[in-house]
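So the mapping is simple: my numbering equals the position in the sequence shown, first residue as 1, plus 590.
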Amino acid sequence: MTGKAVIFEAMPTGDAQRIWDGGPDAYGNPPERAVSDGSGLPCRHCLQMIADGKPYLIIAYRPFASITPYAETGPVFLHADPCQRAESSGELPQSLDSPSYLVRGYSDDQRIVYGTGSVVARVDVSRYAGALFANPAVAFVDVRSASNNCFQCRILADDQMDIMPGQAARAGIKPGAQISVPYRHKAQCT
Numbered sequence: 591m592t593g594k595a596v597i598f599e600a601m602p603t604g605d606a607q608r609i610w611d612g613g614p615d616a617y618g619n620p621p622e623r624a625v626s627d628g629s630g631l632p633c634r635h636c637l638q639m640i641a642d643g644k645p646y647l648i649i650a651y652r653p654f655a656s657i658t659p660y661a662e663t664g665p666v667f668l669h670a671d672p673c674q675r676a677e678s679s680g681e682l683p684q685s686l687d688s689p690s691y692l693v694r695g696y697s698d699d700q701r702i703v704y705g706t707g708s709v710v711a712r713v714d715v716s717r718y719a720g721a722l723f724a725n726p727a728v729a730f731v732d733v734r735s736a737s738n739n740c741f742q743c744r745i746l747a748d749d750q751m752d753i754m755p756g757q758a759a760r761a762g763i764k765p766g767a768q769i770s771v772p773y774r775h776k777a778q779c780t
């Protein structure tokens, strides 16, 4: 199975900042506070493990723009103090250190593309995600915990620099407009 080069994307800073500024999580609740015991708690913003003794937040997170039956929401961890967002990178994030992950493709209207979901060995995540982009229905890929289904990060195809035309039209964005979209690079609408 061959495919495109991929880029791993962390939680957008705007989402994290809203929580750090005292905003509610996806269910309208304040974040739960805890202290790391160093047992492998991945921050979804910096994509690093939260160190032993460091405070962190537990929030309900929905990495989708709208609420649909496919907009999965679940618990994620975030450093309690603001951290630097992980750079978009083709390298597997340090925080992905479990033996396997659930990797699944989604369409540009943020719905699961059936037949794309699979539990994949950590070493094969990039290759599998890249192969999913051969399906023109796949706009992005999410990586989730294979055991708990928690969102880990989003994957885009490396050549995915333009927002999908369907997304632009639904949002009322005119061709040629410069926009910034969560989990997408700054894009030129076509």
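Every residue, glycine too, gets a C-beta built ideally from N, C-alpha and C.
Because the structure is a prediction, the values reported are computed rather than measured.
Return the CA-CA distance between residue i and residue j, expressed in angstroms with no decimal places.
i	j	result
Cys743	Asp627	22 angstroms
Thr658	Arg701	8 angstroms
Ile649	Gly618	10 angstroms
Cys740	Ala724	25 angstroms
Leu647	Pro672	11 angstroms
Ile753	Ser678	The predicted model places Ile753 with a pLDDT of 45, which falls under 50 and marks its position as unreliable; any figure quoted below should be read in that light. Going from the Cα of Ile753 to the Cα of Ser678 covers about 16 angstroms.
Ser656	Asn738	23 angstroms
Asp611	Pro653	18 angstroms
Glu662	Pro602	17 angstroms
Pro620	Ala600	21 angstroms
Ile609	Val713	32 angstroms
Ala606	Gly593	31 angstroms
Is it the case that the Cβ atoms of residue i and residue j are separated by a distance below 9 angstroms?
i	j	result
Leu692	Val710	yes
Leu668	Arg717	no
Ser688	Gly604	no
For residue i and residue j, which I take to be in contact (beta-carbon distance under 8 angstroms), what is that distance rounded to the nearest angstrom?
i	j	result
Tyr651	Gly643	So it is not a contact: roughly 24 angstroms between Cβ atoms.
Ser690	Ala736	5 angstroms
Val596	Ala719	5 angstroms
Val715	Leu686	7 angstroms
Gln684	Gln750	Not a contact, Cβ separation roughly 23 angstroms.
Ala670	Pro645	4 angstroms
Going along the chain, which residues of its own chain have a beta-carbon closer than 6 angstroms to the beta-carbon of residue i, five neighbours each way excluded?
i	result
Leu722	Gly695, Thr706, Val728, Val731
Ser697	Val703, Ala727, Ala729
Gly766	Note that Gly766 has pLDDT 47, beneath the 50 cutoff, so the model's placement of it is unreliable and no number is given.
Who are the Cβ neighbours of residue i in its own chain at under 7 angstroms, not counting the five residues just before and after it?
i	result
Gln674	Cys636
Pro613	Going by the sequence as given, residue 613 is Gly instead of Pro. Excluding positions up to five away in sequence, the list is empty.
Tyr660	Gln700, Arg701, Ile702
Ser708	Val693, Tyr718
Val666	Arg634, Ile649, Tyr651, Cys740, Phe741
Can you list, in chain order, the residues of its chain with a C-beta nearer than 8 angstroms to that of residue i? Leave out the 5 residues immediately preceding and following it.
i	result
Gly680	Ala595, Val596, Ile597, Phe598, Ser716, Asp748
Ala641	Ser626, Gly628
Ala616	Ile649, Ala650, Tyr651, Arg652, Thr663
Glu622	Leu647, Ile648, Ile649
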